[in-house]
Amino acid sequence: MWLSGLHIPESYLTALVQATCRKNGWPLDKSTLYTTVTDYIEPDDVTERAHSGNKTNKFSTESL
37 MWLSGLHIPE SYLTALVQAT CRKNGWPLDK STLYTTVTDY IEPDDVTERA
87 HSGNKTNKFS TESL
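Residue numbers (my numbering): 37 to 100.
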């Protein structure tokens, strides 16, 4: 995980989209970011890897 990118959450999300587009050869300007909420309670409940993107557990941000 790119920890310094968590200082500004938007930069982390932008980097995630850029990396996925680069990996798959997709145009960046036609890409979108979406979030799916799952029913998993514990990280061990996840039995398969994400096709693209990532799975995050207990991610929160605070602003000062």
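C-beta: ideal position from N, C-alpha, C; glycine also. Since this is a predicted model, take the numbers as computed values, not measurements.
Where residue i falls: helix, strand or coil (DSSP)
{"i": "residue 46", "result": "helix"}
{"i": "residue 82", "result": "coil"}
{"i": "residue 65", "result": "helix"}
{"i": "residue 73", "result": "coil"}
Of the residues the options, the one placed nearest residue i, counting alpha carbons only
{"i": "residue 74", "options": "66, 83 and 43", "result": "83"}
{"i": "residue 80", "options": "67, 92, 55 and 59", "result": "92"}
{"i": "residue 76", "options": "94, 70 and 57", "result": "94"}
{"i": "residue 47", "options": "61, 69, 85 and 63", "result": "69"}
{"i": "residue 87", "options": "51, 59, 45 and 43", "result": "59"}
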